[in-house]
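Encoded as C-alpha cells, the structure appears first; notes follow it.
There are 2 protein chains.
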Amino acid sequence: MDGRPTLQSVADRAAVSRQTVSNVLNAPHLVRPETLERVQSVIDEVGYRPHGAARQLRTRRSRVIGLRLQPSVDGINGAVLDRFLHALTEQAQLRGYRVMLFTATDDHAEIGQYSELLDTLEIDAFVLTSTHHGDPRTRWLADHDVPFVTFGRPWDPPADGATAPEHAWVDVDGAAGTRAAVEHLQSLGHRRIAFLGWPAGSDTGDDRRLGWRRAVQAAGVPDHELDALDVGVLDGVTNGAQAAHRLLAHVSPTAFVCASDSLALGALAVTRSPAAVAGPTGRRADLPSPAVIGFDDTPVARAVGLSSVAQPLTEAAGRSLSLLLEQLSARHQGPSTTTARGNDHHVLLSPSLVVRESSAPSA
Amino acid sequence: MDGRPTLQSVADRAAVSRQTVSNVLNAPHLVRPETLERVQSVIDEVGYRPHGAARQLRTRRSRVIGLRLQPSVDGINGAVLDRFLHALTEQAQLRGYRVMLFTATDDHAEIGQYSELLDTLEIDAFVLTSTHHGDPRTRWLADHDVPFVTFGRPWDPPADGATAPEHAWVDVDGAAGTRAAVEHLQSLGHRRIAFLGWPAGSDTGDDRRLGWRRAVQAAGVPDHELDALDVGVLDGVTNGAQAAHRLLAHVSPTAFVCASDSLALGALAVTRSPAAVAGPTGRRADLPSPAVIGFDDTPVARAVGLSSVAQPLTEAAGRSLSLLLEQLSARHQGPSTTTARGNDHHVLLSPSLVVRESSAPSA
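The listed protein sequences derive, respectively, from chains G and E.
When we follow the numbering used here, the leftmost residue of the first sequence carries the number 1, and every step to the right adds one.
When we follow the numbering used here, the leftmost residue of the second sequence carries the number 1001, and every step to the right adds one.
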C-alpha cells in the first residue's frame, strides 16, 4: 500500500461511505449540502485525485467497455463466459457501446490492465467476471472511482460489519439451480442423491453444494449420510468419472447432481458404460442407470442428452449493462437525474433446469 | 455504387494494380518514381480521399484491431471462432494491441460498422473471419485503404483474370484435413467411406468435400459410387443423424468423414444406438460400428471420444496478427523498411487429425 489517498481514505476521514464520496465527485446533486462541503474539504486537504476526475472533464465518452477475456479453457465450461461475452457485445452495441478485450494472468495483472486502459484508451467502464473471496479488483476500481459492474456477486462479507457491498453486481443463483435439480430427482423417487462438486473453498462451487445439501436435508436425509454423498474434485471429465466410480462403489447413489457439465459427463460415462453393468462393482443389469444432472447447459450437454442447469446469460449480460449505463448516466447527466439507490443494483437471477434423457423417469 | 472515386478506379485509370496505389499512399519508397508521379496525378485529378489518408496523418496509432464477433451459435462449431478470438486477443496484447469487438447481421452491416469504427474510434486495422464467394468486405476495405487480414482465404478467382488476390490472408487447408481422415480410415481397411457434409456451395464445405473425394478416388472407388457416398445437409446433430441413417440404409458405408463435429455426433448417435444394431435396417450385431470422424476437434469431440480434424487456431491467430502488423509497420516506418511482397502474405496452414475411439481399429 502506498500513502496515496484513496476513495476509502477520504471516506474514512469524512466519516461517510465510499458511495457518498463517489456521489460528491460524480453526482453532487444527490448529496446533502453540508456533507458535500465536508467531503469536498477532505478531498482538497488530502489531495485526492481519482482517475475518474480527469475523465469526468472529458466532453465525450469513449463508449467503450473493457472486459477481461478469461483464458481459453480446454474443456467444456469455458463456453459459459464466451456466451456472456457474445450477449454483452451484442447488447452493448445496440445501446451504442463497444466491448474492448484484454487478458491478464491474475487479479493484479488485471488491475495493471485497468490502469493502462484508463490512461491510454479512455475506457468508460469495466465489466468484471469470476468474482471471488478477497477479490482486490473491485476495491481498486472503487478507489479510483471507475464505473464497473461484476457478473458474480461479491463473496466477502461487508467490510467493517457495515453496510452491504456497494458496487453493482449481477449473478445467477447457483444454489437455486442445484435445489431445482434435487427436487426434480426427488419427484422421480430418488432419495440417495450424491453431489459431485469441486473442493470446498470455491465460492461458486460452495454455493451450488449448498443448494443440493439443503434440498436433500429437507427430505430427511441425515447429516452423516449427506457427508458420504458429497464429493469435491477438481473440474474435468476424468475426475468426474473417477469420483462417480468411487461413490457408486461406496454409497450407491441413484442420482448425481454435479457442479459442472464436465463432472457430469464423467459420471455419465461411468454409469452408462457396459462395465458399469457388467463389471465386478457393477450394478444389476435390470436396474436403471443412475440419473445425472450437470450445470451450465453447455453444447456438450445438449449433444449427449445430459440434463443440466442453465444460466440465463443473455439476461445477465443485459442487466449488467443496464447497471453500468445507469452509473455512466448519473455521472454525465447532472442534477436533473435522480438515481434510485438500493438493492436494485444487486441482481440475483434464477437459473432453470433443462431436463433430458440423463434424468428421464425410468421406463 | 456511387460515383465516388475508389482505390480501384484510381488503379484502373493509372493502369496499375490496387496494391501499387496503396503503396503510393502508404509506402511510396516502394514505387518507381515515374509510377509514383502518374498515380499521384490521377489521385489529384479524381480527388480520391481514402479513409486512410486522414488516419495516416495521425501521429499515434490507436493500436486497436477490430473484429466482428460472429453470432453465438446454439451448438458446437461456433466454439472454433471463439478459440480464434481468444488466441488473437492474447497474442495481440503481447504485441501491444487490443481487440475491439463489434457485431453485424450481414456483410453490408459489417461494412457499415467498419466505417463507423474508423470514424469514431480510430481503429487501426481489422481481422475478418468467415470469408466467402462474392465477399464485399475485402473490396471495401481495400478501396478505403484500411489495413486488414482475413482468417479464411479469398474464395473468388482473381478479378480480371489478372494477378492473385492481393490482400493478406491465413487459412487452414480443409481438404488436407479430410484427406488425412480418409487415409487414416483406409489404413484401417475401410473402403466404403461416406462424406457427411453441407450442401454444395459452401466454400469451406466444398473444400472439405474435395479432400475426401480425391482421397477416396485415389483408392480406385468409381465416380458413381462416390456420388452415392456423398451427402450434403444443413449443419446440426439431428440432420447428421438422419443423413447417416439414410446412408446406412442405402449404401452401407463402413465409415463417415464429416464436415463438422455436429454432423459427426449425429452419425455417432445413429451408429452407436441399440437400434442401430437391433432395428429393422440394423447391421448384424457381430459387425463393428462404422467409424466416424468429425471436423474441428471441439470440446464435444473430446468429451464423447470422437476422432476429429483439429485446426491450428493459435497459429492461425498468430500468423494473422503478424501479417497485419507488417502492414501497419510498412505504413509508419517509411523508406528504410523494405517489405517483401509475394505469396508470403498468403498462409495456408495444415490441420491435424486427432484419433479417438470413434475411429479406433476394430478389436
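Here a beta-carbon is modelled for each residue, glycine too, at the ideal position from N, C-alpha and C.
Quantities reported herein were computed from a predicted structural model and do not represent experimental measurements.
Item                                                                                                                                         : Value
Residue 1062 of chain E versus residue 121 of chain G: straight-line alpha-carbon distance, rounded                                          : 8 Å
Where residue 1169 of chain E sits in the DSSP three-state scheme                                                                            : strand
Positions along the region 95-106 of chain G whose CB lies within less than 8 Å of some CB in chain E                                        : 98, 99, 100, 101, 102, 103
Within-8 Å CB hit, residue 1357 of chain E to chain G                                                                                        : no
Beta-carbon proximity list for residue 1272 of chain E, same chain, < 8 Å, skipping 5 on both sides                                          : 1289
Exposure label - residue 348 of chain G; buried when at least 16 CB within 10 Å                                                              : exposed
Chain E contact for residue 89 of chain G (CB, 8 Å cutoff)                                                                                   : yes
The region 1145-1152 of chain E touching the region 1250-1263 of chain E, judged by at least three CB pairs closer than 8 Å                  : no
Coarse secondary structure for residue 1098 of chain E, derived from DSSP in three states                                                    : strand
Residue 1197 of chain E burial status per 10 Å Cβ neighbour count (16 or more: buried)                                                       : buried
8 Å Cβ cutoff met for residue 131 of chain G and residue 150 of chain G                                                                      : yes
Below-8 Å beta-carbon distance, residue 1396 of chain E vs any chain G residue                                                               : In the structure as shown, chain E starts at 1001 and stops at 1363, and residue 1396 of chain E therefore has no counterpart that could be examined.
8 Å contact criterion, which residue 308 of chain G and residue 261 of chain G should meet: CB distance rounded                              : 6 Å
Proximal chain E residues relative to residue 79 of chain G, where beta-carbon distance stays under 8 Å                                      : 1079, 1082, 1299
Classification of residue 106 of chain G by the beta-carbon crowding that lies within 10 angstroms, buried from 16 upward                    : exposed
Chain-order list of residues whose beta-carbon lies under 8 Å from that of residue 200 of chain G (same chain, five-residue window excluded) : 206, 209, 232
Nearest-angstrom beta carbon gap, residue 1361 of chain E and residue 1188 of chain E [assumed within contact, 8 Å]                          : 5 Å
Nearest neighbour of residue 203 of chain G, chosen from G:179, G:175, G:195, G:215 [CA to CA]                                               : G:175
Contact set for residue 2 of chain G: own chain, Cβ-Cβ below 6 Å, skip 5 residues either direction                                           : For residue 2 of chain G, the pLDDT reaches just 48, beneath the cut-off of 50, and the residue's location in the model is therefore unreliable, leaving the point undetermined.
Where residue 93 of chain G meets chain E, residues with beta-carbon distance less than 8 Å                                                  : 1102, 1103
Within-8 Å CB hit, residue 1310 of chain E to chain G                                                                                        : no
Integer-rounded CB distance, given that residue 64 of chain G should sit under 8 Å from residue 5 of chain G                                 : Going by Cβ atoms, the distance from residue 5 of chain G to residue 64 of chain G rounds to 28 Å, so no, they are not a contact pair.
Residue range of the beta strand (DSSP E) that includes residue 135 of chain G                                                               : Residue 135 of chain G -> no beta strand (DSSP E), and no H or E assigned at all.
Assigned secondary structure, residue 1118 of chain E (DSSP; H/G/I helix, E/B strand, else coil)                                             : helix
Per-residue contacts from residue 365 of chain G into chain E (C-beta, under 9 Å)                                                            : Nothing about residue 365 of chain G can be read from this structure; chain G reaches only from 1 to 363.
Within 8 Å, strictly: CB atoms of residue 1317 of chain E and residue 1101 of chain E                                                        : no
Unbroken alpha helix (DSSP H) run spanning residue 184 of chain G, endpoints                                                                 : 174-187
Backbone secondary structure at residue 246 of chain G - three-state DSSP                                                                    : helix
Collapsed DSSP secondary structure at residue 1270 of chain E in the structure displayed                                                     : helix
Where the beta strand (DSSP E) containing residue 1417 of chain E begins and where it ends                                                   : This structure gives no information on residue 1417 of chain E, because the portion of chain E shown stretches from 1001 to 1363.
Simplified DSSP assignment, three categories, for residue 1043 of chain E                                                                    : helix
C-beta neighbour in chain E for residue 69 of chain G, strict 8 Å                                                                            : yes
Residue of G:194, G:169, G:171, G:170 minimising C-alpha distance to residue 181 of chain G                                                  : G:194
Interfacial residues, the region 112-144 of chain G to chain E, with Cβ spacing under 9 Å                                                    : 113, 117, 120, 121
Stretch pair the region 318-333 of chain G + the region 1020-1032 of chain E: three plus CB contacts closer than 8 Å                         : no
N-terminal and C-terminal residue of the beta strand (DSSP E) that residue 201 of chain G is part of                                         : Segment: none, residue 201 of chain G is in no beta strand (DSSP E) and carries neither H nor E.
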